[in-house]
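Enquirer: One structure coming up, written as C-alpha cells, with questions to follow.
Encoded structure:
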C-alpha cells in the first residue's frame, strides 16, 4: 500500500512535468530548458534571459504595477490588454469623446495622449541574495525577531547593492521565505496612449464571457514609452522621445496549431500552490462564498444603473469591471477546486508527507507542522472571515465608507505624527478625493451601501454590536441624507480649518461616525488577533515549504507568484471541461458574428467590423479564409499575467494573454493540466484590427512581421 501511495504521487508529479509552473527566468538552465526543448522550443535559456546581452526579457515590461506588456517596435511601442489600459482610456473619455465606446488611434506621435502617474518597469538583472538576507537570523528565538532581522538585512542590501543612479533594487521573498532574490529595475514614467479599439472589440462579451471559453475578445491596447534624449527614464516632458529598447518582439504572421510550443513571459501576481488542505477548505467553504455574495449584491445594483444611464456607465465602467473580475473568478475557483477534488488530493499528499517525516526521522523538525495547521486554521477562521467583510464592504465596495476610511487614516496621522503630518496628508487626501468624486454617484452608492451593510451586520462574525441590532434602512437614510462625504464640495468644506477643527467636525459627521465604529472595531477586535495567528501560520508555511523541498527532492517545485518576472511554458491545446464536451483551441471572427446582438452593451459589433467580415477583407491576417481571434494553451498564468506576450518556439510574438478558462481559475491554488487553460488573443487579430479596422497602417509599419514557419 505504501508503494502504491508513493507511485500515485510520483505519477502526479510526472503528469505535471512540462505543465504548470511559474519559473524565475535567470534560473532556466537545466531541467526547465530541457523541458522547453522537449516541447519544441528552438531558443536557449540564454536567449530568454541574459543579464549582459540583449534577450527576450528586455522586451517584457511591468505595466503600471499590475499588468504585463511587451515592446513590439524599435520605437518603444508597448502592447498590453485593453482591460489593463482601461482606466487610462476611461480618463480620456467624455460623453462627447467616448474612447471607450468609439476607440482611439493617434495619427502621429504628437497625437498620443499622456497618462500622468502611469509607469513601465523593466528588469535589468536578477540576483540570489538568500545567504546575505538570512545572516544572523537562525539563532533568534521568536518569529517577530526573525522577521525584524530579515527586514533590516533587506533594507541594507537594497541600499548597498551596485546599480545605476536611475535604477532601483527590490528584494522579494520566494518559497515562503526560504529564498530571497534581488531585482535591479528601471522605471519609465512617460507613457502615452497610442491606440485602443472600441469596447465592443476590446471588451467584447464583457462580463458574460469573462473567464469563459470559447472567447472572442480583442483584448488589447497600445501605448508608447518615452525617454529623455539619453534614452533614460524621465518624467513627462515635451522634449522626451520614443524609447529605443534593448530588444523588441518580432511578430509572427504564421499563427499557431494545436500542440505548438508557447511561452508566456510576465509578472504573475499571487498564487498559493503549497497551502495545506485545511487552508483550501477554508477558502472554498467560508471565505469565497462570503466575498462572492458581497460583490454579487454590489454588481447587481451598479449594473441596473449602468444599463439606464450613459453617464453612470462611463463613471462606473472601470470600477464595475474590476469588481466583477474577481467575483466571477472566485466562483470559478471554488467550482474548479471542488471538481478536481483539490482538498482530498492535498489530504492524501499530507498523509504521504507524514509518512516521509517518520521514514526520514524528521519528527523533531517537521512532526508538528500538520497539527499546527489544524490548530491555527481553526483559530483564525472567524477573524479571517470578519477581515474579509471589512475589506470587501468598507474598503472596496461601499464607496462612501472607503472614502471615509481615508479620513479615519487622516485622524490617526494626527494622533501619531502631529499637525504638520496631518496637513500634508490632508492636502494629498483632498487631491485624491477630487479624482474620486469625478467617477462617483451618490445615488448608486447609497443603493449599494443599503445592500452591503445588511450583509455586514447580519453575517460578519465580529461585527460591532451596534451594527448587529441596527435598523439598516434608517441607518442608510441617516448616512446618505446627512453626511458630507457624499460630494467633493461638501468634503472640502468639512476639511477646512486646523487639525482640531477638522477632527471636531469630522466626528460629528454621520458617515464618518459609522466608518469610525467599523474601523475601531476592526483594529481592536479583528486585526491584532488575525495578524498574530497569521504570523504563526506563515512560520509553519515556511517550514512546510522547506520540508517539501527536502522530503520530495525529485518533485518540480516552482516558487509561488509574487509579481516578479516569470516564465511559464506549455502548448496550444484544447480541453474537455465536462463529460462529452470538447473545446477546440482556436476561435474565429465567425464566432463574433454568431454572438452579435445589435445594441447590446456586451455583444454589439461595430458596423465597420461587420463590413470587413461580409467583404472578407482580411488582408494578410487570415488563415484558410478565416480570421483567428483567440486561442488557449496549458501555460500556468494568474492575475498580473494580463498583457503577457505569448511567444513561439523562436521568440516571436504570437498572442497576448488576457484570461483563463472558468473551470481552471483554481490554478492559483491547485493546477490541473487537464482543465487549466490560459486564454490569449491571437496577434493576427490584433494586427487585423489595427490595420484593416482602424486604418493605422503607420503602426504596422513600425513592427517587424515575420514568417518563421516558412523558414527552411
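Residue numbers (my numbering): 5 to 716. Just so you know, even glycine gets a beta-carbon here, dropped at the ideal spot from N, CA and C. Since the model is a prediction, treat every value here as computed from it, not as a measurement.
According to the neighbour-count rule (16 or more other Cβ atoms, all chains shown, within 10 Å of its Cβ), is residue 475 buried or exposed?
Expert: With fewer than 16 other Cβ atoms within 10 Å, it is exposed.
Enquirer: Check whether the segment 85-92 and the segment 310-330 are in contact - that is, three or more C-beta pairs closer than 8 Å.
Expert: Segments in contact, yes.
Enquirer: Does the beta-carbon distance from residue 224 to residue 685 come in below 8 Å?
Expert: Result yes, Cβ atoms of residue 224 and residue 685 sit closer than 8 Å.
Enquirer: Does DSSP classify residue 684 as helix, strand or coil?
Expert: Here residue 684 sits in strand by DSSP.
Enquirer: Would you identify the three-state DSSP class for residue 16, choosing helix, strand or coil?
Expert: Unreliable placement is indicated for residue 16, whose pLDDT of 40 sits below 50; no coordinate value is reported for it.
Enquirer: Can you tell me whether DSSP reads residue 186 as helix, strand or coil?
Expert: Strand, per DSSP.
Enquirer: Would you please state the rounded distance, in angstroms, between the beta carbons of residue 591 and residue 215? I believe it to be under 8 Å.
Expert: No, residue 591 and residue 215 are not in contact; Cβ-Cβ is about 15 Å, not under 8 Å.
Enquirer: Between which two residues does the alpha helix (DSSP H) carrying residue 524 extend?
Expert: Here the alpha helix (DSSP H) through residue 524 covers 514-525.
Enquirer: Please look up how many angstroms separate the CB atoms of residue 401 and residue 302, rounded, as I've assumed it's under 8 Å.
Expert: Going by Cβ atoms, the distance from residue 401 to residue 302 rounds to 4 Å, so yes, they are a contact pair.
Enquirer: Using 8 Å as the Cβ pair cut-off and three pairs as the minimum, do the segment 422-437 and the segment 354-370 touch?
Expert: Judged by Cβ distances under 8 Å, the segment 422-437 makes no contact with the segment 354-370, as fewer than three pairs qualify.
Enquirer: Out of 258, 162, 56, 505, state which residue places its alpha-carbon closest to the alpha-carbon of residue 1.
Expert: There is no way to answer for residue 1, as the model of the chain reaches only from 5 to 716.
Enquirer: Check whether the Cβ atoms of residue 388 and residue 286 sit closer than 8 Å, and answer yes or no.
Expert: Their beta carbons are under 8 Å apart, which means residue 388 touches residue 286 by this criterion.
Enquirer: Distance check for residue 96 and residue 102, CA to CA, integer angstroms please.
Expert: In a straight line, the C-alpha of residue 102 is about 8 Å away from that of residue 96.
Enquirer: Could you give the DSSP three-state label for residue 75: helix, strand or coil?
Expert: If DSSP states are grouped into helix, strand and coil, residue 75 belongs with the strands.
Enquirer: How about residue 644 and residue 177: do their beta carbons lie closer than 8 Å?
Expert: In this structure, residue 177 does not lie closer than 8 Å to residue 644 by Cβ.
Enquirer: Using a Cβ-Cβ cutoff of less than 6 Å, which residues in the same chain neighbour residue 212 once the five nearest sequence positions on both sides are dropped?
Expert: Around residue 212: 606.
Enquirer: Cβ of residue 578 within 8 Å of Cβ of residue 47?
Expert: No, the Cβ-Cβ distance between residue 578 and residue 47 is not below 8 Å.
Enquirer: Rounded to whole angstroms, what is the Cα-Cα separation between residue 491 and residue 480?
Expert: Roughly 16 Å between the two C-alpha positions.
Enquirer: Assuming residue 237 contacts residue 193 under a Cβ cut-off of 8 Å, what Cβ separation, rounded to an integer in Å, is found between them?
Expert: Between residue 193 and residue 237 the Cβ distance is about 6 Å, and since that is below 8 Å, they are a contact.
Enquirer: What residue does the alpha helix (DSSP H) around residue 408 start on, and which one ends it?
Expert: 403-421 is the span of the alpha helix (DSSP H), which, as asked, contains residue 408.
Enquirer: Does the separation of the CB atoms of residue 65 and residue 251 fall below 8 Å?
Expert: Taking 8 Å as the Cβ cut-off, residue 65 and residue 251 do not qualify as a contacting pair.
Enquirer: So the alpha helix (DSSP H) residue 340 belongs to, where does it begin and stop?
Expert: Start and end: 314-343.
Enquirer: With which residues is residue 171 paired in a DSSP beta bridge?
Expert: Beta-bridge pairing links residue 171 to 190.
Enquirer: Taking Cβ to Cβ, would you say residue 263 is nearer than 8 Å to residue 196?
Expert: No, the Cβ-Cβ distance between residue 263 and residue 196 is not below 8 Å.
Enquirer: Determine the extent of the alpha helix (DSSP H) in which residue 267 is found, giving its start and end residues.
Expert: No alpha helix (DSSP H) holds residue 267; the beta strand (DSSP E) holding it covers 265-270.
Enquirer: Report, in whole angstroms, the separation of the C-beta atoms of residue 398 and residue 489, which I expect to be a contact under 8 Å.
Expert: About 13 Å separates the two Cβ atoms, so there is no contact after all.
Enquirer: Tell me the DSSP bridge mates of residue 661?
Expert: Beta-bridge pairing links residue 661 to 684.
Enquirer: What residues are listed by DSSP as bridge partners for residue 228?
Expert: In DSSP, residue 228 forms a bridge with 81, 196.
Enquirer: Could you check the C-alpha separation between residue 277 and residue 208 for me, to the nearest Å?
Expert: Their backbone Cα atoms lie some 32 Å apart in a straight line.
Enquirer: Here's a check: name, in chain order, each residue in its chain whose Cβ is nearer than 7 Å to the Cβ of residue 333, leaving out the five neighbours to either side.
Expert: Excluding residues within five positions, the ones whose Cβ falls inside 7 Å are 215, 669.
Enquirer: Can you grab the Cα-Cα spacing for the pair residue 4 / residue 148, in whole Å?
Expert: The chain is shown from 5 up to 716; residue 4 falls before or after that span and cannot be answered.
Enquirer: Within 10 angstroms of the Cβ of residue 35, are there 16 or more other Cβ atoms? Answer buried if so, exposed if not.
Expert: So residue 35 ends up on the exposed side.
Enquirer: What do you reckon, is the C-beta of residue 621 under 7 Å from a heavy atom of the ligand SAH?
Expert: No copy of the ligand SAH appears in this structure; indeed no ligand is present at all.
Enquirer: Helix or strand or just coil, what does DSSP make of residue 275?
Expert: Coil at residue 275, not helix or strand.
Enquirer: Do you know offhand how far residue 201's Cα is from residue 159's?
Expert: Roughly 44 Å separates the two Cα atoms.
Enquirer: Assign residue 124 to one of three DSSP states: helix, strand, or coil.
Expert: Three-state DSSP puts residue 124 in a strand.
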